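> In terms of full-length UniProt numbering, the sequence shown is residues 1 to 535.
We put the beta carbon where it would ideally sit given N, CA and C, even for glycine.
Treat the numbers as computed from the prediction; the structure is a model and nothing was measured.
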Amino acid sequence: MMSRLAWAWRAVRCGVVLPTLQLAVYVCVAMSIMLFLERLYMALVVAALWLIRRRRRRSNRREQDDDGAENDQLLQDPEAANSPMVLVQIPMFNEKQVYRLSIGAACGMTWPSDKLVIQVLDDSTDPAIREMVEGECGRWAGKGVSIRYENRRNRSGYKAGAMREGLRKAYARECELVAIFDADFQPDADFLLRTVPVLVADPGVALVQARWRFVNADECLLTRIQEMSLDYHFRVEQEVGSACHGFFGFNGTAGVWRVRALEEAGGWKERTTVEDMDLAVRASLRGWRFVYVGHVGVRNELPSTLRAYRYQQHRWSCGPANLFRKIFLEVLSSPTARVSPWKKLHLLYDFFFLRKLVAHLLTFSFYCVVIPACVLAGSDHVRLPKYVALYVPAAITLLNAACTPRSCHLLIFWILFENVMSMHRTKATLIGLLEATRANEWVVTDKRGNANPKHQHQHQQQPANTTTRPGKKTTTSSSRTSFFNNDVHVAEILLGACLLYCALYDIAYGRDSFYIYLLLQSAAAFIVGFGYVGA
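Put into structure tokens, the structure is as follows:
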């Protein structure tokens, strides 16, 4: 009986398992090369932009380039008669820790007082917080600031719904531009002076996006790792999208929109959890262009707890995949007169397929599934090219690390942590593609409101505010049992156990020394699984 089972397993192994695993290796090889070529292309573009700007600065010190404000008329004379009317929207939901920071920073921006309206869109469900936010708005109104407090009786559409209703107010209809800041964002006083001139000078520009500047990047290892990933996004992905295609994903905050472009694109829609990206794609399909101003930074807070970070990453991974599913045909059928074939290719292949799908699926499937499986199968039966397992990932990693040189010594931690998180992101991506349960779940990221770790213990950790789109079940992050809470993640623990087994197997029977990587990756999975990450 045992011999028959052994023979049957050998037949299945040789006829099904090994060929399937080899095919998976080839697919991962193809995806790795695709990602590497995309990263290399963007690196070359960024290098070319840097050389061009350097030459400009040397040839004429007076001429401003893309790293400085190109149009100084309003910067020199903000009281000029041609200054446009600007609406500043600050959406928030139970933001007890940070509401004063964002409201105070927005009210402190330099702009003609008769052409600036601050609109606080407070969807808070806690009466005490609503009272505090309204009181803060009243305090600034008493100082002569034109500030309006808006609170809805229902939260239909959530953030998108709040901003859509805010734009319908009579006083908002008089505004030509709308600046958007999330509750933890603190713009500098000259933010409008450095962004609005770009919109005034070019009527074809719909959006000016600023860079995020992290006030708590040094709080813990989790925030340092996030800084590395987001620095690459802003310094490379947004920069290249702006320079080469006039398109990039709106980050949902720290940007200024032309109201006419927003309306032509159909306004805010809540069909996905990335309403900001949805709006940007629809505006781009109508011929509008975007400009990224990397020299303008807006202070904000990174999630410093693993719980908040996981919810944020679920939304950021699930939403784009879900939007890709819904907008694919719309991009293909858009008129060529408005959107060139080159821009369509960039949207579908580069922006969505590679960055939002392949990047997550490849990281998990290759480094957490295929490589361990190849170790168990043996190098005699499955060929795993070393240039794919070692050299291509190393090149991609170095290109990413170049944007945050101060954190180069954390590269190993960044790689291991990103590989573990790829399982969470892959799950979210598949949920978005299939529009399964949790596809429309919206969880407000917890903010602590203080960049100084010495004082953060004073802020009691609030449960995550969790809601879903209409038709979905409402959940909260505290709905789990005391043991299986957000501090213990069973999937990551099981991943760590599997990787540990593969490492021990490689030590005993392997020849390629993959156990070094597998032991480190296993340890990282256990650390994340038991919640020993973050503040």
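Ordered along the chain, which non-local residues of its own chain (more than five positions away) have a Cβ less than 8 Å from that of D278?
Looking up residue 278 in the sequence shown gives position 278. These residues qualify, in order along the chain: K269, R271, T272, L323, I327.
> Would a C-beta distance cut-off of 7 Å place M42 and V240 closer than the cut-off?
Residue numbering aside, residue 42 sits at position 42 when the sequence shown is read from its first letter. Residue numbering aside, residue 240 sits at position 240 when the sequence shown is read from its first letter. Yes. Within cutoff.
> Quick check: what's the CA-CA separation for L193 versus L167?
As a working mapping, residue 193 is identified with position 193 in the sequence shown. As a working mapping, residue 167 is identified with position 167 in the sequence shown. Whole-angstrom Cα-Cα distance: 22 Å.
> Can you give me the start and stop residues for the beta strand (DSSP E) that H424 sits inside?
Residue 424 sits at position 424 when you count from the first residue of the sequence shown. Run containing H424: none in the beta strand (DSSP E); it sits in the alpha helix (DSSP H), 411 to 434.
> According to DSSP, is H245 helix, strand or coil?
Counted from its first residue, the sequence shown places residue 245 at position 245. Correct three-state label for H245: helix.
> Going straight from the alpha carbon of K356 to that of D114, what length do you get?
Within the sequence shown, numbered from 1, the residue matching residue 356 stands at position 356. Within the sequence shown, numbered from 1, the residue matching residue 114 stands at position 114. Their Cα atoms are separated by approximately 42 Å.
> Distance, Cα to Cα, G204 vs A377?
For the purposes of this step, residue 204 is identified with residue 204 of the sequence shown, where counting begins at 1. For the purposes of this step, residue 377 is identified with residue 377 of the sequence shown, where counting begins at 1. Answer to the nearest angstrom: the Cα atoms are 57 Å apart.
> Does DSSP put H381 in a helix, in a strand, or in coil?
Taking the sequence shown and counting its residues from 1, the one referred to as residue 381 is at position 381. H381: coil per DSSP, three-state reduction.
> On the three-pair Cβ rule with 8 Å, is the stretch 124 to 137 touching the stretch 94 to 106?
The stretch 124 to 137 is in contact with the stretch 94 to 106.
> Taking only the alpha-carbon atoms, compute the straight-line gap between R56 and A280 and give it to the nearest angstrom.
Counted from its first residue, the sequence shown places residue 56 at position 56. Counted from its first residue, the sequence shown places residue 280 at position 280. Distance between the alpha carbons of R56 and A280 is about 31 Å.
> Hey, R224 and L520 are a contact pair by Cβ (cut 8 Å); roughly how many whole angstroms apart?
Along the sequence shown, one-based indexing puts residue 224 at 224. Along the sequence shown, one-based indexing puts residue 520 at 520. That belief does not hold up - the Cβ atoms of R224 and L520 are roughly 18 Å apart, past 8 Å.
> Would you mind working out which of D506, G161, A170, D188 sits nearest S121, comparing C-alpha positions?
Start at 1 with the first residue of the sequence shown, and residue 121 comes out as number 121. Checking the sequence, you will find Leu at residue 121 rather than Ser. Residue G161 is the option with its Cα nearest to L121.
> Identify the residues that DSSP records as bridge partners of A179: which are they?
Here residue 179 corresponds to residue number 179 of the sequence shown, with the count starting at 1. Partner(s): V88, V256.
> Using CA atoms only, rank isn't needed, just tell me which of T110, Q119, T20 is closest to A183.
Translated into the one-based positions of the sequence shown, residue 183 becomes position 183. The candidate whose alpha carbon is nearest that of A183 is Q119.
> What did DSSP end up calling R338 once you bin it into helix, strand or coil?
As a first step, residue 338 must be located in the sequence shown, where it is residue number 338. The answer is coil: DSSP assigns R338 none of H, G, I, E or B.
> Per DSSP, which residues does A210 bridge with? Please list them.
Taking the sequence shown and counting its residues from 1, one reaches residue 210 at position 210. According to DSSP, which records beta bridges pairwise, A210 is partnered with V293.
> Can you tell me whether S379 is buried or exposed? The criterion is at least 16 other CB atoms within 10 Å of its CB, across all chains shown.
For this step, residue 379 is matched to residue 379 along the sequence shown. The residue is exposed, with fewer than 16 neighbouring Cβ atoms inside 10 Å.
> Beta carbon of G534, beta carbon of E492: below 7 Å?
Residue mapping note: residue 534 aligns to position 534 of the sequence shown, counting from 1. Residue mapping note: residue 492 aligns to position 492 of the sequence shown, counting from 1. Taking 7 Å as the Cβ cut-off, G534 and E492 do not qualify as a contacting pair.
> Is the beta carbon of V339 less than 7 Å from the beta carbon of L285?
By 1-based counting over the sequence shown, the position of residue 339 is 339. By 1-based counting over the sequence shown, the position of residue 285 is 285. Contact flag set, yes.
> Identify the residues that DSSP records as bridge partners of V205: which are they?
The count along the sequence shown starts at 1 and reaches residue 205 at position 205. Its beta-bridge partners are R289.
> Under the three-state reduction of DSSP, which class applies to Y309: helix, strand or coil?
In the sequence shown, the residue the question calls residue 309 occupies position 309. Helix.
> Does N400 come out as helix, strand or coil in the three-state DSSP assignment?
For the purposes of this step, residue 400 is taken as the residue at position 400 of the sequence shown. Residue state, collapsed to three classes: helix.
> Could you tell me which of A497, Y501, A47 sits nearest to R525, measuring between CA atoms?
Against the sequence shown, residue 525 aligns to sequence position 525. In the sequence under discussion, the amino acid at residue 525 is Ala, which differs from the Arg named in the question. The shortest Cα separation from A525 among A497, Y501, A47 belongs to A497.
> Whose C-alpha, out of I431, R39, A337, W212, is nearest the C-alpha of L361?
Within the sequence shown, the letter at position 361 stands for residue 361. Taking only the C-alpha atoms, the option nearest L361 is I431.
> Since P187 contacts V298 with CB under 8 Å, what's their CB separation in whole angstroms?
Against the sequence shown, residue 187 aligns to sequence position 187. Against the sequence shown, residue 298 aligns to sequence position 298. Right, the Cβ-Cβ distance comes to about 5 Å (below 8 Å), so this counts as a contact.
> Under the three-state reduction of DSSP, which class applies to G534: helix, strand or coil?
Numbered from 1 along the sequence shown, position 534 holds the residue referred to as residue 534. G534 falls in the strand class under three-state DSSP.
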